[in-house]
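Worksheet: one structure, shown below.
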Amino acid sequence: MRGICALFFICDLIVFITSVAVIDARSAVEINVTAVLANISDPRSREDSFVGMIDRALEKEFNDTDQNEATDPDSFNNSVAGKQAVLETVARVKTKKNETKEEKSFQLHDVFHLDDENRADDAPTLIDRNDNVFIISNPKSKYPVLQLDLRLILDLIIVIVSATCGGIAFACAGQPVITGYLLAGSIIGPGGFSFVGEMVQVETVAQFGVIFLLFALGLEFSATKLRVVRAVAVLGGLLQIFLFMCLCGITVSLCGGKASEGVFVGAFLSMSSTAVVLKFLMERNSISALHGQVTIGTLILQDCAVGLLFALLPVLGGNSGVLQGVLSMTKSLVVLITFLTILTIVSWTCVPWFLKLMISLSSQTNELYQLASVAFCLLVAWCSDKLGLSLELGSFAAGVMISTTDLGQHTLEQVEPIRNFFAALFLASIGMLSNVHFLWNHVDILLAAVILVIIIKTMVVAAVVKGFRYSNKTSILV
0 MRGICALFFI
10 CDLIVFITSV
20 AVIDARSAVE
30 INVTAVLANI
40 SDPRSREDSF
50 VGMIDRALEK
60 EFNDTDQNEA
70 TDPDSFNNSV
80 AGKQAVLETV
90 ARVKTKKNET
100 KEEKSFQLHD
110 VFHLDDENRA
120 DDAPTLIDRN
130 DNVFIISNPK
140 SKYPVLQLDL
150 RLILDLIIVI
160 VSATCGGIAF
170 ACAGQPVITG
180 YLLAGSIIGP
190 GGFSFVGEMV
200 QVETVAQFGV
210 IFLLFALGLE
220 FSATKLRVVR
230 AVAVLGGLLQ
240 IFLFMCLCGI
250 TVSLCGGKAS
260 EGVFVGAFLS
270 MSSTAVVLKF
280 LMERNSISAL
290 HGQVTIGTLI
300 LQDCAVGLLF
310 ALLPVLGGNS
320 GVLQGVLSMT
330 KSLVVLITFL
340 TILTIVSWTC
350 VPWFLKLMIS
360 LSSQTNELYQ
370 LASVAFCLLV
380 AWCSDKLGLS
390 LELGSFAAGV
400 MISTTDLGQH
410 TLEQVEPIRN
420 FFAALFLASI
430 GMLSNVHFLW
440 NHVDILLAAV
450 ILVIIIKTMV
460 VAAVVKGFRY
470 SNKTSILV
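This is the structure we're talking about:
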């Protein structure tokens, strides 16, 4: 009996010793884990680690002095000190995200979170005291990161999808798709359901539609066909502008207004939208027709005359004398002639060689040739605009320069899809300018004014074209 009790006592002792050993082991593990976690959370231990060494090296390499704010002429302090800007109170529209975070020094893990901290889900917006809305185009960022304006992308998606739906609806109804583009723009614009938030940005992108429309027109330019209608296009176009200016000036003067204001309105009414008219002619396949050639020639003349008419604005406004107006018009005319002369020389010397080089480099794909054609168009259009002419004139001249070579038709095939896309975007942006509520509230007077302008303009243009011995049908169609 004593032996059995002794055996139980020995077993209990062994179990107790084993339990104590296990508890000691667990305690040791817990202590080690706690020590490791303490070392990780302790900033001093982090500084002594390899990661801390990398952080210090990055902070030393990419410090705040790399921004060179003092030498930036566009910075806040330099702009105000140089009297290039005026301090003004604005309201900043808050975004969904919390923007009160304190700026921290650059850490290695920040590389993987730059996109999260600089997302442009809602581009910062400022509103001044005149209710002008500004979208920040270049938010201050300590590091060079890719910045996206997702609001602009969404607006473009809305415009493109709406224009597509409008075009499909009117095409199914047997009507011109251009009307569908315009109507779709009016529905989604500020005058409709106001789906588009950044009007200026969308309209700026849509301006490429005008550029590529005129570029394609220049590529289809036929000097032989336009030479037949050059008399009515040049002399008739100038006569139309002069008649409208005189007619409106006399009418306003008889009504008790200033004749200069009537002359300005007449010059404005004598002009036509080149992009819209071209799109209509393309829809009707009337570009090669006689009335289409007369219309195109007149539109080209109007684009050339825009710069000269702008020179008259100070005279009409009473801000300068007649002599200064004549000198300004002479200067614009000299610039226009010089610009066209330089482009003619370049088209004879450099353009054929450049296009052949692009063809040889684009043997596998037309991507490079297409890109070079678009770049050439935009470059000439930009030069024209910088000289005080117009983007439309420059883009048309670029197309004419290429049309003088053997690659005019090939270039047209390359840029035609781009032209169609941006043309639809441009027409939809024009529709966004219309205010449906305003038009509906004043439909009577606006409709009467539009009908009156159409009748008068048709009579004047038809009389001018008829004076150059064209048929009645051609005169009315022009």
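Heads up, the sequence shown stops at 477 in numbering that gives the first Met the number 0, and the numbers go up one at a time, no gaps. Note that beta-carbon positions come from the ideal geometry of N, C-alpha and C, so glycine has one too. These figures come from a predicted structure and were not determined experimentally.
First through last residue of the beta strand (DSSP E) which encompasses residue i
{"i": "T124", "result": "124-127"}
{"i": "A396", "result": "Not the beta strand (DSSP E): A396 falls in the alpha helix (DSSP H), residues 390-402."}
Burial state of residue i (16 or more Cβ within 10 Å)
{"i": "L181", "result": "buried"}
{"i": "F437", "result": "exposed"}
{"i": "L218", "result": "buried"}
{"i": "D443", "result": "exposed"}
{"i": "F395", "result": "buried"}
{"i": "T364", "result": "exposed"}
{"i": "I187", "result": "buried"}
{"i": "F267", "result": "exposed"}
{"i": "Q408", "result": "exposed"}
{"i": "C254", "result": "exposed"}
{"i": "E391", "result": "buried"}
{"i": "V35", "result": "For V35, the predicted model reports a pLDDT of 43, less than 50, meaning its position is unreliable and no value from the coordinates is stated."}
{"i": "M52", "result": "exposed"}
{"i": "F338", "result": "buried"}
{"i": "F207", "result": "buried"}
{"i": "S40", "result": "Note that S40 scores a pLDDT of 49, beneath 50, so its modelled location is shaky; the value from the coordinates is reported in the next line. S40 should be labelled exposed."}
{"i": "Q323", "result": "exposed"}
{"i": "S161", "result": "buried"}
{"i": "T410", "result": "buried"}
{"i": "L370", "result": "exposed"}
Three-state class that DSSP yields for residue i in the structure shown
{"i": "V176", "result": "helix"}
{"i": "A90", "result": "strand"}
{"i": "P416", "result": "helix"}
{"i": "K456", "result": "helix"}
{"i": "V228", "result": "coil"}
{"i": "S474", "result": "helix"}
{"i": "N440", "result": "helix"}
{"i": "S433", "result": "coil"}
{"i": "R55", "result": "helix"}
{"i": "L406", "result": "coil"}
{"i": "F467", "result": "coil"}
{"i": "G188", "result": "coil"}
{"i": "A461", "result": "helix"}
{"i": "D23", "result": "Caution applies to D23, whose pLDDT of 46 falls short of 50 and renders its modelled position unreliable; the value that the coordinates give is listed next. Helix."}
Rounded distance between the beta-carbons of residue j and residue i, thought under 8 Å
{"i": "T473", "j": "H290", "result": "5 Å"}
{"i": "A172", "j": "K278", "result": "In fact, because the Cβ distance is near 18 Å, the residues do not count as touching under 8 Å."}
{"i": "L212", "j": "A274", "result": "5 Å"}
{"i": "Q301", "j": "V460", "result": "That pair is no contact at about 12 Å."}
{"i": "G398", "j": "F220", "result": "6 Å"}
{"i": "V264", "j": "K257", "result": "Incorrect: roughly 11 Å between the Cβ atoms, too far for contact."}
{"i": "V201", "j": "S428", "result": "6 Å"}
{"i": "F467", "j": "G179", "result": "That pair is no contact at about 36 Å."}
{"i": "S389", "j": "V276", "result": "Going by Cβ atoms, the distance from S389 to V276 rounds to 16 Å, so no, they are not a contact pair."}
{"i": "G430", "j": "S185", "result": "4 Å"}
{"i": "V227", "j": "V464", "result": "That pair is no contact at about 14 Å."}
{"i": "L354", "j": "I401", "result": "7 Å"}
{"i": "E197", "j": "L149", "result": "Actually they are not in contact, since the Cβ atoms of E197 and L149 sit about 11 Å apart, beyond 8 Å."}
{"i": "F425", "j": "A205", "result": "4 Å"}
{"i": "V325", "j": "G387", "result": "At roughly 17 Å, the Cβ-Cβ gap does not stay under 8 Å, so V325 and G387 are not in contact."}
Start and end residues, alpha helix (DSSP H) containing residue i
{"i": "V379", "result": "366-385"}
{"i": "P351", "result": "350-360"}
{"i": "F192", "result": "Per DSSP, F192 belongs to no alpha helix (DSSP H) and is neither H nor E."}
{"i": "M270", "result": "Where M270 is concerned, there is no enclosing alpha helix (DSSP H), given that its DSSP letter is neither H nor E."}
{"i": "I286", "result": "Looking at the DSSP string, I286 is not in any alpha helix (DSSP H), and its letter there is neither H nor E."}
{"i": "G256", "result": "Run containing G256: none; DSSP gives neither H nor E here."}
{"i": "L213", "result": "198-218"}
{"i": "R150", "result": "149-171"}
Residue i beta carbon near the ligand ZN (any heavy atom closer than 7 Å)
{"i": "F467", "result": "The ligand ZN is not part of this structure, which contains no ligands at all."}
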